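Quick note on full-length UniProt numbering: the sequence shown kicks off at 1 and runs consecutively.
The C-beta atom is built at its ideal place from N, Cα and C for all residues, glycine as well.
In this text, all values refer to a predicted model and were calculated from it rather than measured experimentally.
Everything below concerns the one structure shown next.
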Amino acid sequence: MKNSNRKGGAAVVALLVMIIIVAVSCALMVVTGRKTIKPNESVSAPVSELDDSTTTEEETISVDDLADLIPEPAPSMLPTKSDKYETVNLKDITCSTGVLLDSESNEILAGVNYDKKIYPASLTKLMTLLVAVENIDDMNAKYKFTKKDIEPLQEENASCAGFVAGDEVTMEDLLYAAILPSGADGTLGLANAIAGNEKNFVKLMNDKVAELGLTDTNFANASGLHHKQHYTTAQDIAVITRACMENKTCRKVLCTKTWTTKPTKEYEDGIELDSIFHSRFDGYFVDVDQDGSGDAKILGGKTGFTDEAGYTLATVVEYNGKEYIAVTTKSDTYIDSVEDSILIFENYLPGAVGTPDDRKDKEEDTDSSSDESEEEENEGTFITLKEKDNSSKSDDDDDDSSSRPVPDEDVEA
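And the structure:
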């Protein structure tokens with residue numbers, strides 16, 4: 001019996017040893033097969049290590065298949081500098097920053113300080129327009145103004161389209177009110193109707209800034225009233241303008257000269273809204289080849305002004321079947337802002353005659369001719385840049401005897 005017990009005990013011991021050996025072997029396989037993730041090392045999707053002999057073509061996951069599952073990053077909206085880029089000569093203009101953008105190629109053809117931060121004033125409303133249009137489901141939906149809406153705008157001396165408390169205004173009319181007369185009542189109505197209040201709407205604006213890839217722009221309000229944390233660059237405004245022109249509704253608003261709203265409490269025939277932008281360009285044309293006639297069609301744009309921002313302007317023209325955008329900021333007067341933009345177009349659009357220095361010499365030669373000859377050459381309603389005389393023009397001067405209104409730019413934003 002004792003011998004039998006010893007043999008049985010030995011068998012048990014042998015079995016335990018075998019179990020331990022198997023367990024240790026499995027542990028070693030797990031430890032040696034584990035992958036360590038090093039610092040800053042990305043973790044890729046796990047791919048099973050299968051024997052080629054047991055894997056069918058359908059079961060194989062290729063690298064290309066995995067790549068299809070990863071969303072591509074949104075293309076950058078920031079423009080690139082053209083190979084033929086030229087620096088704008090500040091001696092010829094009054095603005096402190098400016099840029100000329102080829103809208104089709106998204107290339108900067110010319111510029112100066114265009115990446116420097118500036119205050120946009122009412123150029124802000126370009127983004128307000130874009131965000132509003134992208135978030136309006138029904139253009140006939142209405143917003144009802146209250147005293148709480150209107151009174152602060154009056155206290156801030158902000159430019160307004162003319163709505164009063166109790167007016168029920170369609171989204172469509174608010175868009176035109178925000179852009180054509182640069183109405184802060186229009187932007188406030190849009191902000192409240194779309195986002196509940198201006199603060200929430202501004203968040204949508206800054207979300208759009210991020211979507212466009214603009215890193216030097218931040219908005220603090222929807223109208224452009226001065227705020228230290230409300231800034232942008234000429235380049236970023238050009239990008240926003242380009243995005244607006246690619247949107248059918250925004251494009252229509254920016255290119256419209258006059259618009260009449262639906263009836264309001266005080267105006268049974270509606271409020272007639274006139275574009276400040278288009279009134280500024282009355283009598284001007286862009287003469288690229290310097291032959292005395294217009295070469296580029298002025299399509300639309302937006303003006304702006306605050307004491308801190310100076311006179312700002314975004315202008316879109318069509319030339320030889322392509323569209324170009326010029327943005328100027330901090331011009332001395334609203335007349336200068338227009339003429340600064342025209343000079344940039346005339347000096348730096350493709351096909352401009354000679355270099356800026358050549359054109360300057362040509363202008364000096366022309367100025368030496370008789371006044372009578374110059375008047376005959378420029379006969380008509382057009383005003384050319386050769387007739388510019390800042391010494392006799394102030395912000396409030398207007399030589400046009402027609403009945404077109406001259407907006408009070410001092411309260412535009």
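Taking 9 Å as the threshold (C-beta atoms), are Thr-241 and Ile-325 in contact? yes
Find out if the Cβ-Cβ distance for the pair Met-127, Lys-208 is shorter than 9 Å. yes
Suppose the cutoff is 8 Å on Cβ atoms and the five residues either side in sequence are ignored; what does the same chain contact list for Pro-263 look like? Asp-269, Gly-270
Euclidean distance between Cα positions of Leu-214 and Gly-301: 20 Å
Locate the beta strand (DSSP E) running through Phe-219, then write down its first and last residues. Looking at the DSSP string, Phe-219 is not in any beta strand (DSSP E), and its letter there is neither H nor E.
Mind reading off the beta-carbon distance from Asn-345 to Val-317? Whole number of angstroms is fine, and I expect it under 8 Å. Going by the sequence as given, residue 345 is Phe instead of Asn. Their Cβ separation, rounded to whole angstroms, is 6 Å, which keeps Phe-345 and Val-317 in contact under 8 Å.
Between the Cα of Tyr-284 and the Cα atoms of Asp-340, Ile-19, Glu-86, which residue gives the shortest distance? Asp-340
Would you mind sorting Leu-153 into buried or exposed? The rule is 16 or more other CB atoms within 10 Å of its CB. buried
Whether or not the stretch 281 to 295 and the stretch 327 to 343 are in contact is what I'm after, with contact meaning three or more pairs of Cβ atoms, one per stretch, closer than 8 Å; do they touch? yes
I'd like to check one pair, Cys-255 with Leu-130: are the Cβ atoms closer than 9 Å? no
Contact check, Thr-329 vs Thr-312, beta carbons under 9 Å: Contact: yes.
Name, in chain order, the residues that DSSP records as bridge partners for Glu-318. Lys-297, Glu-323
Please go through the stretch 131 to 206 and give each complete beta strand (DSSP E) segment of 3 or more residues, from N-terminal end onward. 142 to 144, 168 to 170
Quick check on the DSSP output: what are the complete alpha helix (DSSP H) runs of length 4 or more inside the stretch 256 to 312, in order along the chain? 276 to 280
Leu-190, buried or exposed, once every other Cβ within 10 Å from all chains shown has been counted against 16: buried
Terminal residues of the continuous beta strand (DSSP E) containing residue 415? For residue 415 there is no data in the structure shown, the boundaries of the chain being 1 and 413.
Pull up the CB-CB distance for Tyr-274 and Thr-260, whole angstroms please, since I reckon it's below 8 Å. The question names Tyr, yet the displayed sequence has Asp at residue 274. At roughly 10 Å, the Cβ-Cβ gap does not stay under 8 Å, so Asp-274 and Thr-260 are not in contact.
Are the beta-carbon atoms belonging to residue 414 and Val-327 less than 9 Å from one another? In the structure displayed, the chain extends from 1 to 413; residue 414 sits before or after that span and is not available.
Ignore the nearest five residues each way along the sequence and tell me which others in Asn-221's own chain have a CB closer than 7 Å to its CB. Result list for Asn-221: Glu-198, Val-202, His-227, His-230, in chain order.
With 16 as the cutoff for other CB atoms within 10 Å, does Leu-349 come out buried or exposed? Classification of Leu-349: buried, given that the 10 Å Cβ count is 16 or more.
Quick one: what does DSSP say Glu-211 is sitting in, helix, strand or coil? Helix.
Distance check for Thr-170 and Asp-149, CA to CA, integer angstroms please. The straight-line gap from Cα to Cα measures roughly 16 Å.
Identity of the residue in Tyr-319, Phe-145, Ser-105, Ala-314 nearest Ser-331 by Cα: With distances taken between Cα atoms, Ser-331 lies closest to Ala-314.
Taking the continuous beta strand (DSSP E) assigned at Ala-110, which residues delimit it? 107 to 112
Sort Glu-172, Leu-188, Glu-134 by Cα distance to Cys-160 and report the nearest one. Leu-188
DSSP on Met-18, reduced to helix/strand/coil? helix
Determine which residues share a DSSP beta bridge with Tyr-231 and list them. Asn-218
Under a Cβ-count criterion, where at least 16 other Cβ atoms within 10 Å of its own Cβ denotes burial, should Ala-165 be classed as buried or exposed? exposed
Between which two residues does the alpha helix (DSSP H) carrying Tyr-334 extend? 334 to 348
What number of angstroms, rounded off, separates the C-alpha of Leu-100 from the C-alpha of Asp-92? 15 Å
Backbone secondary structure at Lys-330 - three-state DSSP: strand
First through last residue of the beta strand (DSSP E) which encompasses Thr-87: 80 to 87
For the candidate residues Asn-135, Asp-102, Asp-83, Ala-177, whose alpha-carbon lies nearest to that of Val-253? Ala-177
Give me the DSSP bridge partner(s) of Ile-118. Thr-232
Can you tell me whether DSSP reads Leu-50 as helix, strand or coil? Since pLDDT at Leu-50 reaches only 37, below the 50 mark, its modelled position is unreliable, and no value is offered.
For Asn-106 and Val-63, the rounded distance between their alpha carbons: Confidence at Val-63 is low in this model, with a pLDDT of 42, below 50, so the placement of that residue should be treated as unreliable; the coordinate-derived value is given next. If you take the alpha carbons of Val-63 and Asn-106, they lie about 33 Å apart.
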